[in-house]
Every structure is written in C-alpha cells, then in structure tokens.
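**Q** Just so you know, the sequences run in chain order V and P. Sequential numbering of the first sequence, starting at 0, is according to numbering that gives the first Met the number 0. Sequential numbering of the second sequence, starting at 0, is according to numbering that gives the first Met the number 0. Beta carbons: idealized from backbone N, C-alpha and C, even for Gly.
Number of protein chains: 2
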Amino acid sequence: MVTRAQGRRRIVIEKVTPELDGGRYPIKRVVGESVTVEADVLADGHDVLSGLLLYRREGESRWNEVPLGYPDNDRWRASFVVSKPGRYRYTVTAWVDSFQSWYRDLGKRLDAGQDVSIDLLIGATLIKEASARARGEAAKRLAASADALHSETKQVSEKVELIRDRSLHTLMADHPDRKWGTTYEKELLVTVDRERARFSAWYEMFPRSCSATPEQHGTFRDCEAWLPYIAGMGFDVLYFSPIHPIGQTHRKGKNNAPTCLPGDVGSPWAIGSHEGGHKAIHPQLGTLADFKRLLAKAKQHGIEVALDIAYQCSPDHPYVKDHPEWFRKRPDGTVQYAENPPKKYQDIYPLDFENEDWKGLWKEMTSIVLYWSKQGVRIFRVDNPHTKPFRFWEHLIVEVKHRYPDVIFLSEAFTRPKVMYNLAKLGFTQSYTYFTWRHTKGDFTQYLTELTQTEIREYFRPNFWPNTPDILIEHLQTGGRPAFAARLIMAATMCSNYGIYGPAFELGEHRPFAPGSEEYLNSEKYELKQWDIERPDSLKDLITAVNRIRRENPALQTNAGLHFHSVDNEQLLCYTKQTEDLSNIIFVVVNLDRHSRQAGAVDLNLAPLGLSNDQPYHLQDLLTGASYRWRGARNYVEVEAEPVPAQIFQVRR
Amino acid sequence: MVTRAQGRRRIVIEKVTPELDGGRYPIKRVVGESVTVEADVLADGHDVLSGLLLYRREGESRWNEVPLGYPDNDRWRASFVVSKPGRYRYTVTAWVDSFQSWYRDLGKRLDAGQDVSIDLLIGATLIKEASARARGEAAKRLAASADALHSETKQVSEKVELIRDRSLHTLMADHPDRKWGTTYEKELLVTVDRERARFSAWYEMFPRSCSATPEQHGTFRDCEAWLPYIAGMGFDVLYFSPIHPIGQTHRKGKNNAPTCLPGDVGSPWAIGSHEGGHKAIHPQLGTLADFKRLLAKAKQHGIEVALDIAYQCSPDHPYVKDHPEWFRKRPDGTVQYAENPPKKYQDIYPLDFENEDWKGLWKEMTSIVLYWSKQGVRIFRVDNPHTKPFRFWEHLIVEVKHRYPDVIFLSEAFTRPKVMYNLAKLGFTQSYTYFTWRHTKGDFTQYLTELTQTEIREYFRPNFWPNTPDILIEHLQTGGRPAFAARLIMAATMCSNYGIYGPAFELGEHRPFAPGSEEYLNSEKYELKQWDIERPDSLKDLITAVNRIRRENPALQTNAGLHFHSVDNEQLLCYTKQTEDLSNIIFVVVNLDRHSRQAGAVDLNLAPLGLSNDQPYHLQDLLTGASYRWRGARNYVEVEAEPVPAQIFQVRR
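#1: Considering just the uninterrupted stretch of the alpha helix (DSSP H) at P/Gln445, what are its terminal residues?
#2: Considering only DSSP beta bridges, list what P/Thr169 is partnered with.
#3: Using a Cβ-Cβ distance cut-off of 8 Å, determine whether V/Met0 contacts chain P.
#4: Are the CB atoms of V/Pro241 and V/Pro267 within a distance shorter than 8 Å?
#5: When the Cα atoms are used, what is the spatial distance from P/Leu603 to P/Asn634?
#6: Distance check for P/Arg108 and P/Asn583, CA to CA, integer angstroms please.
#7: Starting from V/Phe239, find everything on chain P with Cβ-Cβ shorter than 7 Å and list it in chain order.
#8: In chain order, what residues of the same chain lie with their CB nearer than 7 Å to the CB of V/Ile470, ignoring the 5 residues before and after it?
#9: From the DSSP output, in three-state form, read off P/Leu52 for me.
#10: Of the choices V/Thr190, V/Pro213, V/Phe234, whose alpha-carbon is the least far from that of V/Glu203?
#11: With a threshold of 7 Å, establish whether the CB of P/Arg28 neighbours any heavy atom of the ligand MG.
#12: Count the C-beta pairs between the region 288 to 297 of chain P and the region 318 to 331 of chain P that are closer than 8 Å, then say yes if the count reaches three, no if not.
#13: Return the first residue and the last residue of the alpha helix (DSSP H) that V/Pro615 is part of.
#14: Does the region 640 to 647 of chain V touch the region 469 to 484 of chain V, meaning 3 or more C-beta pairs lie closer than 8 Å?
#15: What does the alpha-carbon distance come out to for the pair V/Lys320 and V/Pro349?
#16: Chain P partners of V/Trp75, CB-CB under 7 Å?
#17: Cβ of V/Gly6 less than 8 Å from any chain P Cβ?
#18: Does any residue of chain V bring its CB to less than 8 Å from the CB of P/Lys387?
#19: Of all the residues that make up the region 18 to 48 of chain V, which are near chain P by a beta-carbon distance shorter than 7 Å?
#20: Residues of chain V with CB under 9 Å from P/Pro416, in chain order?
#21: If we count the other Cβ atoms within 10 Å of its Cβ and call it buried at 16 or more, is V/Lys387 buried or exposed?
#22: In or out: V/Leu475 buried (at least 16 other Cβ within 10 Å) or exposed?
#23: Out of V/His300, V/Phe379, V/Arg207, V/Gln247, which one is the CA nearest neighbour of V/Met232?
#24: Does any residue of chain P bring its CB to less than 8 Å from the CB of V/Val191?
#25: Taking the alpha carbon of V/Phe443 as the reference point, which residue from V/Leu571, V/Lys127, V/Ala224, V/Thr286 has its own alpha carbon closest?
#26: Taking its Cβ as the centre, do 16 or more other Cβ atoms sit within 10 Å of V/Gly359, making it buried, or is it exposed?
#27: Does any C-beta atom of chain V lie closer than 8 Å to the C-beta of P/Trp94?
#28: Mark P/Ala224 as exposed unless 16 or more other C-beta atoms lie within 10 angstroms of its C-beta, in which case mark it buried.
#29: Using a Cβ cut-off of 9 Å, pull out every chain V residue sitting near P/Leu120, in sequence order please.
#30: Return yes when the Cβ of P/Leu306 is within less than 8 Å of the Cβ of P/Trp371, no when it is not.
#31: Quick one: list the residues of chain P neighbouring V/Glu13, beta-carbon separation under 7 Å, in chain order.
#32: Taking 8 Å as the cut-off, decide whether the C-beta atoms of V/Lys251 and V/Gly271 are in contact.
#33: What's the gap between the Cα of P/Leu51 and the Cα of P/Pro404?
#34: With distances taken from CA atoms, which of V/Tyr420, V/Lys178, V/Arg76 is nearest V/Val34?
#35: Does the Cβ-Cβ distance between V/Tyr420 and V/Tyr433 come in under 8 Å?
#36: What is the DSSP secondary structure of V/Glu59, counted as helix, strand or coil?
Spelled out as structure tokens, the structure:
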C-alpha cells in the first residue's frame, strides 16, 4: 500500500479539478482561455505548505510553474492560459515549507516576548541549506544571511530585522526544499482547439442543389456563386453533404422510394461507386482542383468548408471488392446490409468493426480524414459516430489532431445522453444536442443548466441546430415564420456554436413527408432542389442581424456566462450571457407562444451581472435599436409573437 | 492512448460507485452489510449488453459473480454482502451480448412478419459457439439446439419455438462470449469490520481514580469493582487513559501547574519513565497479569477495554536514550520539546517522523499496537493522529489489521475537516467529530447531513462525545442537568457510536478551570479523583435507559436512516432513524432550550418512514411509556426543559 520511498512524504494531494473520470479524458479549451486548477493539499500537523501548479504543452520538456494560492479549507488554486492548439498537461506539486513554518512561529514567539536566540539559529540552518540549493549571487546572498544570524556581534533585534527582509523571503521561496514534496500521481490533459471550436455559425447545404439552371446537377463552381450570400448572412462554416460518388445498386428514389427511376440522383450518404469511394469526388460536382478552388474562394469570404464523414458504403463501393473482410457475411453468403429491425437498408453496407482486420480498417478510415485534411479541410461533421466503437474514434481523433491540431470534429450523434457525452470526452470537438426537441421553459432551463453549469461543460461543446435534412420538428411544420425566428434566435444566442440546414431553413420549408414524420416532403436527400433565395419572406435579414449581433458581442461567443432569470409567465424565457469581465452583457427574452403577445415581470438576478439594486442600467434592443432604462431586479417585459418573437438587449451600466 | 489489444473492446465502464478518490482508499462496511455497486456501462450501437459485479475476500483467489441489472440511463447495479472481517475487492465486467441482441431483433422481425430463415442460421452459429465454450451436458444440449436450427425437416415455427425455450436462454447466459468484454481497470476495496465498529457505547475513565480508598492510587484490581456499574449503564467499551509509566522530568502539577509537588501523579499522557515506555504498565496500576485479568472480567460483563495510543514521550522515556535519532535536536544540543508557539510543553518530547531512521520508528510504533493486540486488546483510541504523517497511519493500520482484522481504531483528531476525513479514509475505524461544538438546529442538520448523506458516510464513522477530559463545553458549564441530559440523548440517538467521559459526565461535573476555558477545574488529567457514583443526582438511570433503548432498537445501531423533519420552532430538533426494512422506526424530539418548555408543529416526512397520509400510526415514548396516536404529516409536539428535555418515540403502523 505505502511504498517505502513514500514514507517521508507528508503531503497528500487529492480531488484535483478539473479531472474527468480519474484523468482518463482530456478537458477542452480554446486558445487564449485559462484553466483554473484546484486541489485539496493536506499535511499532518500545523506546518505552512507551499505548492505549484505545473503545466506544459506536449512536446515541451520543461514544466511551467505557477504558485498555488488562495488556500481555503485546505483547497488551493492556480490558473494558466493555453496559448496554442494541441495538448497540454498539468499537475500539482506541494511540500512542507520549513522556512515559512519557522518564520510564522518566530512571529508568535516575538509577540509573546520570548527569547528567540536559539530559534534564530534554527532559521540560520534553514537559510544555509537553501544557499546550498542556490547558485551564483543567490547562493552568496543566502549564505551571507545565514552567517549574519550566527554573528555574535549582532543584536537579536538586528537579526530579526534581517529575517523580515522581503528579498530574503523571495530568495527562500525561489529555493525551496522539495526533496520530500509530493507530486500528484497523474498528469491531466487539456485539448486546446482554435477559437472556432467554441464560436461558429454553420450553414449546411447540398452542393448539388447550387446550380442556377433548373434540373441541372450543381457543381463546386456553382457553389462559388453562393459564397457572398452565405457570408453575407454571417456564417463562417459551410458544411456540405457527402461529396463522394453515389452507389447505383439499390439506390433510393425520391422521397426514399425503395427503387429509383432513371435520373434519380440518390442519397449522398450511399457512398461509393465504380468512380471511387471516400477519397473520391462525385464527378458531377467537379474535380479535386475545383474543390480546392472552392476552399480558397470560401476562405476569401471568411468561410471554412466542412465535409461529412460517414463511414458506410454503398454495395458498389470499391471496399466491398477490395476488402470483403471488412463486411459481415450472412449465412447465405451475401453481405450484411444495414438494418434497424424490422427496417432494412439494402443500399448501405455497414463496416464491421469487429472483423479480424480491424487494424487495417482503422488505418484506412483514419487515412480518409488525413487525406481531406491534406487537401485543406479542417472541419468534419461525423455521421452517426455512436454506431462505431468508442476506441476507434479516440484513436482516429488523436492521430489526426497529432498532425493537424486545428481540425474540428462535430459529432452527429442523437442517441442516449451518456453515449453522446462519451463521444465528446474521447475527442469530438463539438456535438449535436437535444436542443431540437426542447420546447418549454423548463426544458431549456434544465438542459442548458446541465450543459453549461456541470462538469459536462469541461468537454462537451454543444452545437444547436433548429433543423437538419433529417429533422423537421413538428413545431416548425406548424408554427410558421415566428417558430423559425424563435428557434433561430434561441439557437444563436443560447449556444455559441449553432447551425441551420439551408436554404430550407431561411425559406421556411415546413412540409413533412407524412403527418407525424420529421422527414421533409420531397427531401433534398434524394433529389436536386432549386431554392429561390430572393423570396421576400426569407429570414435572411433576421439571420444576418443575429449573426452580426453574435460577432459584435463577445458574451455570445461562449456559453460560460449563461444564466436564466425568473419571470412570472411560463411562455416567456429570459436569459443573460456575459463576458467574464462583465464588459459585455446580453439579455434575451423569448416568447415561446407562437400565437400571442406575452408579458410578465422578470426578476433579474443582478449579482452575476455586476448590477446593483440601487443603480439604473440601460437596455438597448439590438434588433430594433429601441432603448430602455431599468432599475432594480424586477422589471416588465412584453414580447409580440410576430414578426420576431424575441428581443435581444445589450445591457449597460 | 488506445493500446492495440483494446481495439475490439467496445464496452466502456465508468463512474463506478462507491469509489473513493479514484479507488485510492477503501470504503467501509461491517459484517453482514451489503455493498451496492453502480456503473455506467456503455457501448456503441444498439446491442444488448450483459455484465457482472465481481467480488472476493482478499486471500480468496476466485471472484464471486453477481449479474448486473436494473439498467437505467446506461447505469447498471448489483449488490453483495460482506460476511467476514478483513478486506474485500470488487470490480465490474461487461460484454456485448450477441445472442440477446440477435434474439431481440428476431422478435422484431417476427412481429413484422418477415422471413427469418437466414436469421435462424445466424442464431444457430451463436449457439454452436457457446457449445464450444461449454462442457459436458451443457455443451451437448447447446450443440443439439444448434443442429436443430439447421435441420431441414423442421418448420420455421418449430425452430422459433425452440429458440424461445427459457432453458436455452439460461444455458446461453451461463456460457457468454466474454472474449472482447471489458473489465473496469480498477479493483476497489472494502474494509470490513466487526459490528462494534458501527455500534458502540464508550465509557472513558482514569483507572487510577478507581480506588475505593480516598487519596489512594487506583489499580486494575480496583477497576474490576466498577465493571458491574459500567455494564449496568449499558456501555460496551471501557476506554482507559494511558496505563504506562509517567515521566518525572517537568511533570505537571495539579491544574496543569508548570511544576509539581511531591505526591502529584502527573499526566498519563507524559508517557515513559525508567520503569518503561509504551509497552510497560504503570506499576501503581498493577501488573500485566492484573491487566489481562481485568480484560477477562470485563469480557464477562460484555465490555471491551480500549487503550489509548499516544505517540509522544516524557523526557524520561527509554526511547530518549535508546533512540536519540528519533528526536529533533535544537542548536544548543537539547532535545526539541513539544510546542504550539508561543506555548511550550517541556514535559513532552514529540517523535520526529522526518528523522533518517523513520523506518525504524514506524516499525517500533507499529509493534506497540501489535504488542497490546497480542495481550488481547482490540480497540485503540489514538491521540492526536493528525500530528503524525498520514502514510504512517495507513501503514500501521494495514499492518495491524492484516494480523488482527477485528481491531478498531478511534481517531482523536479535532482539526481541519479534510484532515479528519483523510485520517478516516486511510484507515481509522471511527472518528471523533465536531458534535461537541454544535448547538443550533441548523448546526446539527447541516453537520449530520454531511456525515450521513454524502460520500463521507462510506468511510467516516462518527463517534459523538458530549465531553472528554479535555473538553468541557460552555453549554455544560452553565446548562445544568438538562444540558447534560440533552447532549447525552442527542449523542446516543443521532450517532450509533457515542461515548462519555465518566464519572464526570453522569455526575454533572461542570466547573471550568477558568472563565472561557474548556478545561475542567482540578482536572483528572493531573490528579486522582474520588467519584461518588451513588449520588442521587447522577444521570446513571437516564443513561441506563438510553443505552437500553439503543440495544432494543436496531434503527439506532446505524446512521444510515437518519432524517431531519421540519418543525416550526427553532428550539425543537426532530429526527427519525429507521432500519432499511422499516421494521423499526425511532422518532426523537429534542428541546434545545435549557430553560423553558417548547412546543410546535412538526411536518413529518412520511415517505421515507413508509407511512401514508391517510393511515394512523402509533408513537410510544420509550422513556415514559406514554403512547400517542397520530395521523398525517403535521402533528403537535411539546417538550419540557426539565428533567429530560427530549422524547424518544418508537413509531408503529
């Protein structure tokens, strides 16, 4: 239990935070953020303790040191800032500080008027020992101080004067006796991403629907023409449905018909044909050169292109012939197609991660992301990661980020909460959430509190989507424009990462495939679309305004400062976000009732906003420009249902 | 990060509870108690999982297995009972259950009316594989089932019938494919003590005050005469102040006078003289034979004798000459005496646990406990453990309990909360607490909730003391008999372990050494006492009644069931304790006001007591015999201040 070498180590270090699952997983930060580390640091007796937070970027050999401070009930604290993408390590060390213990006791003895001549000699010994640990000038100065304390010509009062010299204390602190110190047994990890990991606005689209000519398959060249529109609305990530060749065998027709008709384009998620697999580009979209040209053009508009990673194959995928061992066989010799019994998806062959050549499969799958990273892609949206082994993702993400630390992975897992959280812990940068299915004030308050106020915030970065090509919630089917506007504003102001599937979203596309279904009628997954983005009822102006507000207000660029406030109307949802220094405060009121104006009295929790009860403060409505002067916690709010069922205020003292 | 061997292991096991500080420390139980283990068990996809709780007593080589069950939000649970003192280990293992996954999907296919002929062949393969893992009859039966599924003469409906046979499922469950299963990476520990670790009533006394003859030093023989009195009151642990030779050098006089007078007996905590040290007996108390005779007599009365372990020396202790390296020297060559600057304790030399021969010191200190254990002592109260290194205690306790698993250590640490908790974590069986200084309803509710409702209950067993030879709280100095009665009842009913320092307690000794001091006037620590235990104002009858109630009511023998109940009077404290099966429920009302009768309406939280709002229940006052019939949550309570400011009810449906 106790190894002998530990016998003289009197310090115990415990309950270090942040620490996920005993240090098994890294926490997450973006460049420029700080990590505040706390630890219980205990020793027997009454000695003074000293300690350090140690941190280093992986690859650097030397620890940086920050003194632990602020002890309260034996809990100590220190912080460091992460300045580059990659991985950092941190741990804690502490030791019994004999000199400070001695100095504290000396003060008590002097206060009691006791003879301290022998105590000064004990101090001299401690200083002499520090001098042996020091070098150069410091060693000389310490030795001189020790000698002075031994001097028989100096008065005790002179010696006490000497011992109180702050520069001596600094020298002693710089040369502590850490021989029997204790270092926490674990090195804990931080994954550091670039800022877009925390703050991003995604626009999802099907590149094949970009053609200006009706019925014609869009190309990457056509997509270039869309960039001003997408950038103009304020999006910075353009996420494409899969761009690879699409299988012919069992290709789905329009509206997911089991058989297709001539000319049907098929689902982009049925990846692979004789034209190639996950590293190939669908010929109708263009060439690799076209794709790289698009990446460059997008960049000029401040937009990054994100690709979809869907590890599954059409029956025509080259893997099926080249690596039959990666697919499961049925007893009749056929390849096992995808199933969710009793549903069957004959157009998709799942990869068998339990196969004997799992190592080869892992390597090839990893090489796909590396390939696209090499072409310049740095953001990947991963399809259904929860149906592939956890350890595979951990391996892939570590491998990719080792070479490309700026890569961002978005986890598209809509499954059980702990599985979603686990995928985030093992490395996904951002994650889809249950936002889409949250509706009431209680829903939002509970879910957002879980995401932003618990340990989950250390590793799970939510990305809120009001719609996706797979999900048209009933609320949008029936709620009209106010429903779209409300979901947009909530996604964009509650969550620093959000996205929409457009142009379906801004054009208010709301027809379901069937009553009770969340599938779109005439879903873009199975056919080309021609979107009229100039329609006067488009939400693009509201989207543009909301994205501008997000860029101009740092409070909306993180979820750290989210607070809900009590309001005496169940249809009103009130929340604030503020920067840590309180220089930017945003207050949002959403009317959850799509039919009627709602009003109520809000009780603002002023303390976290740095506001006081007796001083007025100013609210400016960032959508309308109107401004208000409030005082105290309780105030009246009133929000129409149309055209915009929400207000976004900037609060100023 | 991911070792290659782990690649096919799809299961993740996390957040196993109970687990203290990442498995660093054991939890505690007593014989017959159960350990309920929970774990998050996750896998990718939608397969059915199976798992086991594994446990074994240290020394046994085979794991016992309990199936994990009750999955809820991916959290699984199972329990085991610890049946012998010592240490147990437990962990969790789980695997993807291909057969159950297949069987679930088969059901869905059948419900949808699909052709399952190929699926039955897949099932046959799974059963065949299980047959290869089985032996004897089981292997034969499984092989036969697999063959039957392949049979071309059997109808599909017959095969489905076969596959639904529960005995086949039992066979499959008994021979699972755990090849790619995951076992939690830690083995967690339980320290199992005998029942007295959880339920004990301590009586502390100075054996030298036992003489029937005034001014005469008491002996172990004299102590024998006290056994009927102590056992009669219902105590089962008799704890003696140190029984070793007492130093002469700097011996303290009466009332802690810096110099003693001829005849002064000195403090028993100034251990060691030319007559011996920690393994010797003070000659005036008797011989080792006398001591062992006393142990035997005490046992006949159902009493165990507990010794005091105080690792410190008088200047006359043999160690000072034999092991000068175990003591710190001052620059003037003298031995460093104990200090708490500016206070000096020249009669005590602390042992220097930082000395070069710390291994020798550890060994000798451990040998002291082993020596007394060998003489038959099994309970030790450890003086000021927080002033010796944590790791030393961990080592000592593990060593001692390895040979004597039934030894109980009580930690006498009154210091910072985390230090007290740490001592408990590293092995102390029971611990002194802050009970002595808690006074208000808020105090008790908060502190007892911390002790009984948080993780602390897994390792910290409180022992409540209304007084000790060092602590006479102001409340007892001025509160009179009602204060003593209230503190006794609270200690004995809130906490399954409690103790008093007697006869000072039952005789209401309340004079402080000085105003504001918690020291007794004419403290027994420095002089012989002659106690008149026959005094009519003695609390012995109340103590006898309370200890009888404790013995007769299992609810009071554990702290697991403690609940506080709301009452609309700040001077009234209401709480219940009940056994897990609700067969025994105790309801206590304490009047915290020492001067006046207090009354109020209590809102009993009925649910945890198994009571319903619409059925009456009966209360019997176990001190007076009076009985009451209550109905519903809200009831009237009224408690006098004298003679007994509390009521103890047994509640019956």
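**A** In short, the structure shows the following:
#1: 440 to 452
#2: Paired residues: none, contrary to the question.
#3: Bear in mind that the predicted position of V/Met0 carries a pLDDT of just 42, short of 50, making it too unreliable to give a figure here.
#4: With respect to V/Pro241, V/Pro267 sits close: the two C-beta atoms are nearer than 8 Å.
#5: 8 Å
#6: Pairing P/Asn583 with P/Arg108, the inter-Cα distance amounts to about 52 Å.
#7: Going along chain P, no residue has its Cβ under 7 Å from V/Phe239, so there is no contact; the nearest lies around 25 Å.
#8: Answer for V/Ile470: Thr435, Glu517, listed in chain order.
#9: strand
#10: V/Phe234
#11: Because no ligand of any kind appears in the structure shown, any question about the ligand MG cannot be addressed here.
#12: no
#13: Taken as a continuous stretch (DSSP letters only), V/Pro615 belongs to no alpha helix (DSSP H), being part of the beta strand (DSSP E) at 615 to 620.
#14: yes
#15: So the two alpha carbons sit approximately 14 Å from each other.
#16: Those within 7 Å of V/Trp75 in chain P number zero; the least Cβ separation is about 12 Å.
#17: yes
#18: yes
#19: Asp20, Gly21, Asp39, Leu41, Asp43, Gly44
#20: Asn72, Asp73
#21: buried
#22: buried
#23: V/His300
#24: no
#25: V/Leu571
#26: V/Gly359 should be labelled exposed.
#27: Not a single C-beta of chain V is nearer than 8 Å to the C-beta of P/Trp94.
#28: exposed
#29: Arg329, Pro330, Asp331
#30: yes
#31: Asp20
#32: no
#33: Taking the straight line joining both Cα atoms gives about 28 Å.
#34: Check the Cα spacing between V/Val34 and each of V/Tyr420, V/Lys178, V/Arg76: the tightest is with V/Arg76.
#35: no
#36: coil
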